[in-house]
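These protein sequence lines are chains A and B, in that order.
Mapped onto the numbering used here, the consecutive letters of the first sequence carry residue numbers 1 to 474.
Mapped onto the numbering used here, the consecutive letters of the second sequence carry residue numbers 1001 to 1474.
Protein chains: 2
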Amino acid sequence: MSERTGLDAFFAPGSVAVVGATANELKGGYNIIKNMLESFAEPVYPVNPGRDEILGVKCYPSVRDLEGKVEAAIVFVPAANVPGVLEDCAAAGVKAAVLESGGFAEVGEEGKRIDAACREIAARTGLRLWGPNCTGLVNTDPFIFTPFMRAPDAHERLKPGTLGIIAQSGMLAAGFMLQYVISGYFTVSKACAIGNKIDVNEVEVLEYMASDPKTKAVVAYLESIVDGPAFLEVTRNMAGRKPLVVLKGGRYEESAKAALSHTASLAGSDDVVNGALHQAGVIRVHDFQEMMNLGKAFSLHPEPFRLSSPTGDGVAVVTVTGGGGVVLTDLLRSSGLQVPALERKTLDILQKDVFPAWMAPSNPVDIWPAIEQRGFNAFGDSIKTVLSDDRVDGIILLPFASRMLEYFPFEDIGEAVHESGKAVVSWMFGDSRYFDTLEEHMRDLGIPVYQDLHSCVLALKSYLGFAHQARNKS
Amino acid sequence: MSERTGLDAFFAPGSVAVVGATANELKGGYNIIKNMLESFAEPVYPVNPGRDEILGVKCYPSVRDLEGKVEAAIVFVPAANVPGVLEDCAAAGVKAAVLESGGFAEVGEEGKRIDAACREIAARTGLRLWGPNCTGLVNTDPFIFTPFMRAPDAHERLKPGTLGIIAQSGMLAAGFMLQYVISGYFTVSKACAIGNKIDVNEVEVLEYMASDPKTKAVVAYLESIVDGPAFLEVTRNMAGRKPLVVLKGGRYEESAKAALSHTASLAGSDDVVNGALHQAGVIRVHDFQEMMNLGKAFSLHPEPFRLSSPTGDGVAVVTVTGGGGVVLTDLLRSSGLQVPALERKTLDILQKDVFPAWMAPSNPVDIWPAIEQRGFNAFGDSIKTVLSDDRVDGIILLPFASRMLEYFPFEDIGEAVHESGKAVVSWMFGDSRYFDTLEEHMRDLGIPVYQDLHSCVLALKSYLGFAHQARNKS
């Protein structure tokens, strides 16, 4: 255990006390202890002075009764009781406490006093604090799930993945946990709701993820960046190694004012923030869905793709709908990407082997007439041909979801995409009864799928941008 | 029937022949006749020289055998056979033919010859032609459904609505039909795939919808605008009366080239197109999902909302998540909308009746602490109070989807929203198992719901923009 770092006691504790555990199924304290007993491989100790046992497990009146036996504590008791619990934790040798309770600095003077008391205990005893006012953290390997939302069989349902998530804001993080992590929108390595961050902050968590071999990419929603220089230092080290996507609000006077309670931010004006993030190689987004959609992209493929053109921004569109190709080309161009003319050799092969004689191939590659003539192999053949074009750094696919998908050459396409090392993203439209089928197949090939073209463009642009960083770094 | 206009023979024919009807369940000609027999209230005649009956209905060898008995024909036979069928139609007194077959001008010289032959027949005989290369049309009252995709019990599933849809591009229109119309993403009055428009074009369809009392708003995807001045004339007449959303591709050289087969477009440069559309009061969008999301907004509420502020662009945010409020404020401001300080009287009421004493209300209105203190009534009370603020022209709601929705004061909110006459849009995040519940309740209140904040902003901005047009017109 010599290589354990400061946050290991949170992410991989050898034992956990749940302070505020209860048998009342309507309470968050029930969800926490139930989730932990069900999914955590190491010893779990319920702590509650009013009970002898909870869910058939012996319950302790205080953490002090567990002296020397417990490495981490999850604390979900009224804010006023938290300082006392932390003294108990420190006295019992606990190293890390996840504070999920609300009612701290965000609720006024009394909360601020409690907040200060907690900081003082941490400073004096060396006990590390996570939160408060948050759902805590999830690690998928080794497995720990601290949130106060019930997640039955979490350890079986949350398969280990490569994406790290960091979210400030209690409510949003809870929503994200339900909507994206538990539902399987992507698989994660670690999901962290950092809350009021009175001790552990976004920089430390990001540093931990930056050096965590299981985390290959990170998405973060931040309301404030407490230590700007330290944050930028970590992000610069990640550039070209691990993709980092950040949503940081407060771009306008009105919104900055709304985030006023968090004043110690990265820098005054958003232009400065934006410039600094950009320089540090951070992919900045402006909507939660953009953030989650890039999370999906980088969870499927966190490594840099191969760029074949000198500028690394050439995109080919392979589409069953001419109109979709036109609209997508508009969006690609307005995002700053190129839709280049294909190489002569590519056009020759498409004309000879794929397209009907009357139709001249170009980019976007409109393959419906070829499919009508030759079946769905025309889709696979077009993709293979276009992938070998040196002007093409990435491809966006526009297939049609329908029962015809059973004839779709997924395996062929997957092999070609994999061999090319190039970035591929897919749109999804058509018969929504077949969306799951299309998405699952594409996911198996490492290709993210979106229902709007904007998200396809954003994902591909981010893939290519990260590949650029990697190229510049090597 | 004296007030029947030219396109009534398509939208409300007294009888229909299906040319190319077949009993082979794998063919589009089967889907058409099956759908029509099931859902069309007037006589339907299968036409196919190789069969005596189809689905238990007498089948005719030629439309000529139906002389004087049939007003419209749906034609789904190989392109080469279409001119002959049209001669038969004209001879039999058919007034309107929906051509769904592909293989016309879009497939080269032979197709262009067939195309010219069809135009000639139309010009000579007065037979009106719809398409070709399209799925035709849907009217929900009286009911007719011509597409070649199977839609069981279409007449029972597609409830009459107020939205008109126009789409060029065969494949996209087919996808839209499946994904948005049949699936119930919104309810429509008429959905039109106009295809190659060799006769009936977007202007004529738009004119028809403009004067159709059942159609209250229109969304259109257009690859080309054949007669720019006529198109702008119709749109100017619609401004402030019926919202019109247009997606028109080809903004860049590469995309305009990709749309080259459709050359007779509105004007050379996209700047000119954009200026003209804007001046004519058209809401222009750039992604299919934006178009469909505004379709959802205007299908729920096509009438202009009441603007209370002089500028008509003041938005209040009522949110359970402070972070969501910050990010949304950024998006509102960058879209050109305002997030004004609330009136003194509004703040006083919120402070006195809704908020905890330690928390000062402002815009965004962060109501979670109030909900923790007073329950979900705090949500309803906040909305009511904010709706009566004269600086607020519209509200975006950020509720949390969870099992707690059963305590949510939907009815209260609905009443307040309705009485205010103001625009309201809702985000949806949280536990996705409760998304359908939230969406259904909001839909009942006429409030559109989106999973991304960008779409919330776009919908509200479009609502307010249309209200502006209406105010300027009156």
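We treat Cβ as the ideally placed atom computed from N, Cα and C, and that holds for glycine.
Please read these numbers as outputs of a predicted model, since none were measured by experiment.
- When secondary structure is reduced to three states using DSSP, P83(A) falls in the helix class.
- For S1169(B), the closest Cβ of chain A is nearer than 7 Å.
- At the C-beta level, V188(A) and G170(A) stay beyond 7 Å of one another.
- In the structure shown, I1198(B) falls within a coil segment according to DSSP collapsed to helix, strand and coil.
- Contiguous beta strand (DSSP E) elements confined to the stretch 1008-1043 of chain B occur at 1016-1019, taking only those with 3 or more residues.
- For W1130(B), the enclosing beta strand (DSSP E) starts and ends at R1128 to W1130.
- In the DSSP annotation of this structure, F145(A) is not part of any alpha helix (DSSP H); the continuous beta strand (DSSP E) holding it starts and ends at F143 to F145.
- For the pair G126(A) and G93(A), the CB atoms are not nearer than the 7 Å cut-off.
- Interface with chain A (7 Å Cβ-Cβ cutoff): L1172(B) is included.
- For the stretch 341-365 of chain A, residues whose beta-carbon sits nearer than 9 Å to a beta-carbon of chain B comprise A341, P356, A357, W358, M359, S362, N363 and P364.
- Beta-carbon to beta-carbon, G380(A) and D412(A) are separated by about 4 Å, close enough to satisfy the 8 Å threshold.
- Around the CB of N363(A), 16 or more other CB atoms lie within 10 Å, so the residue is classed as buried.
- Taking A1167(B) as reference, the option from D1088(B), G1249(B), R1124(B) and K1159(B) with the minimal CA-CA separation is G1249(B).
- Counted as a single uninterrupted DSSP element, the stretch harbouring C134(A) is not any beta strand (DSSP E), since DSSP gives it neither H nor E.
- DSSP places Y1045(B) within a strand segment (E or B) once states are collapsed to three.
- Across the set V1019(B), R1344(B) and L1445(B), the C-alpha of V1019(B) shows the shortest separation from the C-alpha of P1083(B).
- Taking a beta-carbon distance threshold of 7 Å, G1323(B) counts as an interface residue toward chain A.
- Below 8 Å, too few C-beta pairs join the stretch 1341-1351 of chain B and the stretch 1320-1332 of chain B to call them touching: fewer than three.
- G1446(B) and F11(A) have their C-alpha atoms spaced approximately 46 Å apart.
- Within the stretch 1352-1407 of chain B, the complete alpha helix (DSSP H) segments of 4 residues or longer fall at 1368-1374 and 1377-1387, listed in chain order.
- Annotation for F176(A): A167 place their beta carbon closer than 6 Å to its own, counting only its chain and skipping 5 residues before and after.
- In this structure V1424(B) is buried. Its beta-carbon is surrounded by 16 or more other beta-carbon atoms within 10 angstroms.
- Residues are counted here when their Cβ sits less than 8 Å from a Cβ of chain B; for the stretch 234-253 of chain A these are L247, G249, G250, R251 and Y252, given in chain order.
- When C-beta atoms of the stretch 32-39 of chain A are compared with those of the stretch 149-156 of chain A, three or more pairs fall below 8 Å, so the two segments count as touching.
- Sequence-ordered contacts of the stretch 1429-1457 of chain B with chain A read F1429, G1430, D1431, S1432, Q1451, D1452, L1453 and H1454 [C-beta pairs closer than 8 Å].
- Within a 10 Å sphere around the beta-carbon of L26(A) sit fewer than 16 other beta-carbons, which makes this residue exposed.
- When C-beta atoms of the stretch 296-308 of chain A are compared with those of the stretch 448-463 of chain A, three or more pairs fall below 8 Å, so the two segments count as touching.
- At a beta-carbon threshold of 8 Å, the residues of chain B lying near R333(A) are R1251, Y1252, E1254 and S1255, ordered along the chain.
- Listed in chain order, the non-local C-beta contacts of N293(A) below 8 Å within the same chain comprise P448, Y450, S455, L458 and A459, local neighbours out to five positions each way being set aside.
- Non-local beta-carbon contacts of A416(A) in its own chain, meaning distances under 8 Å to residues more than five positions away in sequence, involve G380, I383, K384 and L387 in chain order.
- Within the stretch 381-402 of chain A, the residues whose Cβ lies closer than 7 Å to some Cβ of chain B are F400, listed in chain order.
- About 5 Å separates the CB atoms of A17(A) and Y45(A); that is less than 8 Å, so the two are in contact.
- Rounded to whole angstroms, the gap between the alpha carbons of V1200(B) and A1360(B) is 60 Å.
- In terms of Cβ geometry, E202(A) and L222(A) form a close pair [threshold 7 Å].
- Identification of chain B residues near G175(A) by a Cβ-Cβ cut-off of 7 Å yields F1400, F1429 and G1430, ordered along the chain.
- For G414(A), the enclosing alpha helix (DSSP H) has its first and last residue at F410 to S420.
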